[in-house]
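J.:
Residue numbers (this note's numbering), protein chains in the order written: chain P, 845 to 1036; chain Z, 845 to 1036.
Have a look at this one:
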C-alpha cells in the first residue's frame, strides 16, 4: 500500500529516501469497506489521511436532515476536517468511503513531529493548504454564482473520472441541487 | 495608521519590537475612497492587505453579469486573492472598498522576505491561513445546506457589527439570495 504513497512523494516533493522512509513508517494503513465511516460527526478528527486507493467523501447534515457533500477525495489525495484536527474539537462533518478504499493515517502528534523534523514536508503541507484554500474559494464562487446547469457542466469538466464512480444522489448533494433537477439536466443533455 | 496594526500584532503574536518595526516599515499605507477598487478582476494580486480602518469586499461576476461576494473584510483583517497572489496569475475577483478605508500593503517579494527573516510571522501567517480555511468550509457548508432564512439568521449572528454598514443588495450578494427574498425575510422578522 505504501508504494503508491512513495511514488506520490517522489513526484510531488524533493524528499530524500530516508525522509520518505521516516514518513511512511509513521503511517498506519487501514482498509475501509464501502460506506465505512472514517470520521463520524461529533468525533474529533485525530488523523491526516492519504487515500491510496478508492474514493472518500466529507459531508455534513443540514437542518432538514439531508446530506451536503463538501469534497470528494479519490486516490492520491488527502482528507481531513481542518477545524476539528487543528483545534481537536468535535467535527461537524463525517468522512466515509464511497468505494472499498485503502488509506494511510498519521496521528496529529506523529505528523506534527514529522513536520518539525522534515522541513521539506512542511513545504508540501503548505502547498496542499494553499491548493485547498484556492479550490475552496473556487467552489464557493461556483456554488454562489452558477445555475444548476453550469454547476453540473463544471463538475463534468473538473472531475471527468469521478462521474462513473458516483451515484447521482451524491453528485446532487455535492452540487447543492435536488436529484430531480440533476436528472432533468442530464436528460436534456442526452437529447441535445 | 500603523498604530492600529502595531496593536494588532502585539495582541495576536509574540513578535518583539524590532520585528514589528521591520514589518511595519515594509508596509505601504494607502487610503481608499468609497467604492475605490484595490484589485481589479484580470489584474495580478501583488499585495497582502491589512485593513486598518473601513470595510472592503472581494467579489466575482457571474455568467449572468451579477456580483457575488466571497468575503467582507472589516478593520483588523487581511484580504487577498490567494490564487492570484501565490501563482501571480490574473485574478478572477475584484477587491473594493465599501467605506472610506485605510489599508497597509506589502508586496509579495517584501512579504516573502519578512516571512523568511521572522519565524514568528510565519506562525501568524499559518494561523491566518488555517482560520481562513476553516471559515471557507463553514461558509461553503452554510451556502449548500441552509435555507435563505437560515443564511440571513447566521449572517446576523456572525456579523452583527456589519449589518448597519452594508447596503442590502451586498448582503444578498453575499448570501447568494435575491434582494427580493432578503427583503421578504427581513419584513417577516420585523412582523414577528
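C-beta: ideal position from N, C-alpha, C; glycine also.
Could you have a look at residue 939 (chain Z) and say whether DSSP puts it in helix, strand or coil?
T.: Position 95 of the second chain holds residue 939 (chain Z). Note: residue 939 (chain Z) maps to strand in three-state DSSP.
J.: Along the chain, where does the beta strand (DSSP E) containing residue 878 (chain P) start, and where does it finish?
T.: One-based indexing of the first chain puts residue 878 (chain P) at position 34. Looking at the DSSP string, residue 878 (chain P) is not in any beta strand (DSSP E), and its letter there is neither H nor E.
J.: Is residue 926 (chain Z) helix, strand or coil when you go by DSSP?
T.: Looking up residue 926 (chain Z) in the second chain gives position 82. Helix, per DSSP.
J.: By the DSSP assignment, the beta strand (DSSP E) with residue 911 (chain Z) in it spans what residues?
T.: As a first step, residue 911 (chain Z) must be located in the second chain, where it is residue number 67. Its beta strand (DSSP E) spans residues 911-918.
J.: Hey, quick one: how far does the beta strand (DSSP E) through residue 901 (chain P) stretch, first residue to last?
T.: Working through the first chain from its first residue, we reach residue 901 (chain P) at position 57. Residue 901 (chain P) -> beta strand (DSSP E) spans 899-905.
J.: Taking C-beta to C-beta, are residue 886 (chain Z) and residue 985 (chain P) nearer than 9 Å?
T.: As a first step, residue 886 (chain Z) is located in the second chain; it is residue number 42 there, counting from the start. As a first step, residue 985 (chain P) is located in the first chain; it is residue number 141 there, counting from the start. It is not a contact, given that the beta carbons lie outside the stated cut-off.
J.: Need the endpoints of the beta strand (DSSP E) that residue 1010 (chain P) sits in, please.
T.: Residue mapping note: residue 1010 (chain P) aligns to position 166 of the first chain, counting from 1. Per DSSP, residue 1010 (chain P) belongs to no beta strand (DSSP E) and is neither H nor E.
J.: Could you check whether residue 876 (chain P) and residue 947 (chain P) sit closer than 9 Å to each other, using their CB atoms as the reference points?
T.: As a position in the first chain, residue 947 (chain P) is number 103, starting the count at 1. As a position in the first chain, residue 876 (chain P) is number 32, starting the count at 1. Their beta carbons are under 9 Å apart, which means residue 947 (chain P) touches residue 876 (chain P) by this criterion.
J.: What does residue 968 (chain Z) touch in chain P if you count any residue whose Cβ is under 7 Å from its own?
T.: Indexing the second chain from 1 puts residue 968 (chain Z) at position 124. By Cβ distance, chain P contributes nothing, its closest Cβ being about 14 Å from residue 968 (chain Z), past 7 Å.
J.: Measuring only the C-alpha atoms, how far is residue 895 (chain Z) from residue 917 (chain Z)?
T.: Along the second chain, read from residue 1 onward, the residue named residue 895 (chain Z) stands at position 51. Along the second chain, read from residue 1 onward, the residue named residue 917 (chain Z) stands at position 73. Computed Cα separation, rounded: 7 Å.
J.: Do you know offhand how far residue 919 (chain P)'s Cα is from residue 889 (chain Z)'s?
T.: Sequence index remark: in the first chain, residue 919 (chain P) carries index 75 (1-based). Sequence index remark: in the second chain, residue 889 (chain Z) carries index 45 (1-based). Rounded to whole angstroms, residue 919 (chain P) to residue 889 (chain Z) spans 32 Å at the Cα level.
J.: When you compare the CB positions of residue 871 (chain Z) and residue 922 (chain Z), do they come within less than 9 Å of one another, or not?
T.: For the purposes of this step, residue 871 (chain Z) is taken as residue 27 along the second chain, with counting starting at 1. For the purposes of this step, residue 922 (chain Z) is taken as residue 78 along the second chain, with counting starting at 1. No. Outside cutoff.
J.: Measure the alpha-carbon distance for residue 995 (chain Z) versus residue 1001 (chain P) and round it to whole angstroms.
T.: Numbered from 1 along the second chain, position 151 holds the residue referred to as residue 995 (chain Z). Numbered from 1 along the first chain, position 157 holds the residue referred to as residue 1001 (chain P). Computed Cα separation, rounded: 29 Å.
J.: Note the first and the last residue of the continuous beta strand (DSSP E) segment covering residue 1085 (chain Z).
T.: A question about residue 1085 (chain Z) goes unanswered here, because the residues of chain Z that appear run from 845 up to 1036.
J.: From the DSSP secondary-structure annotation, give me the bridge partner or partners of residue 893 (chain Z).
T.: Here the question's residue 893 (chain Z) lines up with position 49 in the second chain. Residue 893 (chain Z) pairs with Z:923, Z:949.
J.: Helix, strand or coil for residue 859 (chain Z) per DSSP?
T.: Here residue 859 (chain Z) refers to the residue found at position 15 when the second chain is read from its first residue. Here residue 859 (chain Z) sits in coil by DSSP.
J.: Can the beta-carbon of residue 975 (chain P) be found closer than 9 Å to that of residue 914 (chain Z)?
T.: Looking up residue 975 (chain P) in the first chain gives position 131. Looking up residue 914 (chain Z) in the second chain gives position 70. Contact flag unset, no.
J.: What in chain P is Cβ-close to residue 973 (chain Z), meaning under 9 Å?
T.: On the second chain, position 129 is the one that residue 973 (chain Z) refers to. Simply 970, 973, 974, 977.
J.: Taking the CB atoms as reference points, tell me whether residue 859 (chain Z) and residue 892 (chain Z) lie closer together than 9 Å.
T.: One-based indexing of the second chain puts residue 859 (chain Z) at position 15. One-based indexing of the second chain puts residue 892 (chain Z) at position 48. No, these two residues do not count as a Cβ contact at 9 Å.
J.: Taking residue 926 (chain P) as the query, report the chain Z residues whose CB atoms sit under 8 Å from its CB, ordered along the chain.
T.: Within the first chain, the letter at position 82 stands for residue 926 (chain P). Ordered by position in chain Z, the residues that pass the 8 Å Cβ test against residue 926 (chain P) are 974, 977, 978, 981.
J.: Measuring CA to CA, which of P:998, P:1029, P:929 is closest to residue 937 (chain P)?
T.: Here residue 937 (chain P) refers to the residue found at position 93 of the first chain. Looking at the Cα atoms, P:929 is the closest of the given residues.
J.: Is there a Cβ of chain Z sitting closer than 9 Å to that of residue 1020 (chain P), yes or no?
T.: Taking the first residue of the first chain as position 1, residue 1020 (chain P) is located at position 176. Yes, contact with chain Z.
J.: Please compile the residues from chain P whose C-beta is within a distance smaller than 7 Å of the C-beta of residue 985 (chain Z).
T.: Here the question's residue 985 (chain Z) lines up with position 141 in the second chain. 904, 912, 914, listed in chain order.
J.: Is the separation between the beta-carbon of residue 899 (chain Z) and that of residue 1010 (chain Z) shorter than 9 Å?
T.: Your numbering for residue 899 (chain Z) matches position 55 in the second chain. Your numbering for residue 1010 (chain Z) matches position 166 in the second chain. Going by C-beta atoms, residue 899 (chain Z) is nearer than 9 Å to residue 1010 (chain Z).
J.: Just the chain Z side, please: which residues come within less than 7 Å of residue 940 (chain P) by C-beta, in chain order?
T.: In the first chain, counting from the first residue as 1, residue 940 (chain P) sits at position 96. Simply none; closest approach about 16 Å.
J.: Within the continuous alpha helix (DSSP H) that includes residue 963 (chain P), where are the two ends?
T.: As a working note, residue 963 (chain P) is residue 119 in the first chain. Note, residue 963 (chain P): alpha helix (DSSP H), 963-989.
J.: Going by the CB atoms, is the gap between residue 878 (chain Z) and residue 944 (chain Z) shorter than 9 Å?
T.: Numbered from its first residue, the second chain carries residue 944 (chain Z) at position 100. Numbered from its first residue, the second chain carries residue 878 (chain Z) at position 34. Contact flag set, yes.
J.: With a Cβ-Cβ cutoff of 9 Å, do residue 968 (chain P) and residue 847 (chain P) count as a contact?
T.: Sequence index remark: in the first chain, residue 968 (chain P) carries index 124 (1-based). Sequence index remark: in the first chain, residue 847 (chain P) carries index 3 (1-based). No; because the gap between Cβ atoms is not below 9 Å, this pair is not in contact.
J.: Should residue 1028 (chain Z) be listed as close to the ligand NAD, given that the test is whether its C-beta is under 8 Å from any heavy atom?
T.: In terms of ligand content, the structure shown is empty, and the ligand NAD therefore cannot be addressed.
J.: Report the partner residues of residue 883 (chain P) according to the DSSP bridge assignment.
T.: Within the first chain, the letter at position 39 stands for residue 883 (chain P). For residue 883 (chain P), which the question treats as bridged, DSSP gives the partners P:939.
J.: What does residue 988 (chain P) touch in chain Z if you count any residue whose Cβ is under 7 Å from its own?
T.: Position 144 of the first chain, counting from 1, holds the residue named residue 988 (chain P). Per Cβ cutoff of 7 Å: 912, 987, 1020.
J.: Return the chain-ordered list of same chain residues with a C-beta closer than 8 Å to the C-beta of residue 933 (chain Z), the five sequence neighbours on each side being excluded.
T.: Reading the second chain from its first residue, position 89 is the one you call residue 933 (chain Z). Closer than 8 Å at the Cβ level, and outside the excluded window around residue 933 (chain Z), lie 888, 927.
J.: Check whether the Cβ atoms of residue 1007 (chain Z) and residue 1016 (chain Z) sit closer than 9 Å, and answer yes or no.
T.: The sequence position of residue 1007 (chain Z) within the second chain is 163, counting from 1. The sequence position of residue 1016 (chain Z) within the second chain is 172, counting from 1. No, these two residues do not count as a Cβ contact at 9 Å.
J.: Identify the contact partners of residue 930 (chain Z) in chain A, using a Cβ-Cβ distance below 7 Å as the criterion.
T.: The chain labelled as chain A is not found among the protein chains of the depicted structure, namely P and Z.
J.: Relative to the alpha-carbon of residue 991 (chain Z), which residue among Z:977, Z:1025, Z:942 has its alpha-carbon at the smallest distance?
T.: Indexing the second chain from 1 puts residue 991 (chain Z) at position 147. Nearest C-alpha to residue 991 (chain Z): Z:1025.
J.: Go ahead and pull the three-state DSSP assignment for residue 1004 (chain Z).
T.: The residue labelled residue 1004 (chain Z) in the question sits at position 160 within the second chain. Reduced to three states, the DSSP call for residue 1004 (chain Z) is coil.
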